[in-house]
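Numbering (full-length UniProt numbering), first residue to last: 1 to 191. Backbone N, C-alpha and C fix where the C-beta goes; we use that ideal spot for every residue, glycine too.
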Amino acid sequence: MDETPHIVAVCGSLRDESYTRESLLVALAGAEATGATIDLIDLRELDLPMFDADHPSAGDADELAQRITRADGVILGTPMYHGSYSAPLKNALDYCGFEEFENTSVGLLAVAGGRFPVTALDHLRSVCRSLDAWVLPYQAVVPQASRAFDGNEFADSELETRVSTLGRRLVQYANIRPDPATFESEENVGA
């Protein structure tokens, strides 16, 4: 059995010059430096129509699900829009469920034009918990993103270290084993 953790990052930004994507690349570099294999899921490259429960395998939904299922750890990266996470990321998560996320370690990263993208992380944390994922307590934020970067590089090495640490922590906890099922977890079967 291969002991090398596989870390997948999902970029919830569709912008060409995405600070979220650049931040995820730094987090993935931290994971790779810690011994993991990595994969960036760029939602711009997948055909994911607006989720319709009557067509749960539309477009590239199966590819998305397979790539996430293979992961030992997933980093969800999002720009903050109106205090929450992005619609493309929400749509991608709607194509996934317990099969992809149950007992999977998840790291969260949010990028904002302003100062406090924490509510986006809170909302993502709730979604991941409802899918029975194991969400890291450590999370990374990139506030005032237009000032945080110099080209494609972080302008502040301390911020770069914080984002890279997310990838390293996810590798560290990628294969954590959850406690036995509880009554509550048996009741959380989705809609």
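- Taking a C-beta distance under 7 Å as the contact criterion, L14 and R44 qualify as a contact pair.
- At a cut-off of 4 residues, the continuous stretches assigned as alpha helix (DSSP H) that sit fully inside the UniProt domain "NADPH-dependent FMN reductase-like" (6-145) are 19-33, 61-69, 87-94, 98-101, 118-130.
- Between G77 and L109, the C-beta spacing is below 7 Å.
- Contact between R125 and T34 is ruled out by a C-beta separation of about 23 Å, above the 8 Å threshold.
- Only residues of its own chain outside the window of five on either side were considered, and among them P5, A31, T34, A36 have a CB closer than 6 Å to the CB of V171, listed in chain order.
- Sequence-distant partners of G107 (beyond 5 residues in either direction) whose C-beta falls short of 6 Å from its own C-beta, in its chain, are I75, L136, L166, L170.
- Look at E153 here: in three-state DSSP terms it is strand.
- The beta carbon of A92 sits closer than 7 Å to those of V10, L43, L48, L64, all from its chain and outside the five residues before and after it, given in chain order.
- By the neighbour-count criterion, in which 16 or more other beta carbons inside 10 Å mark a residue as buried, E158 falls on the exposed side.
- Here DSSP, grouped into helix, strand and coil, assigns E158 to helix.
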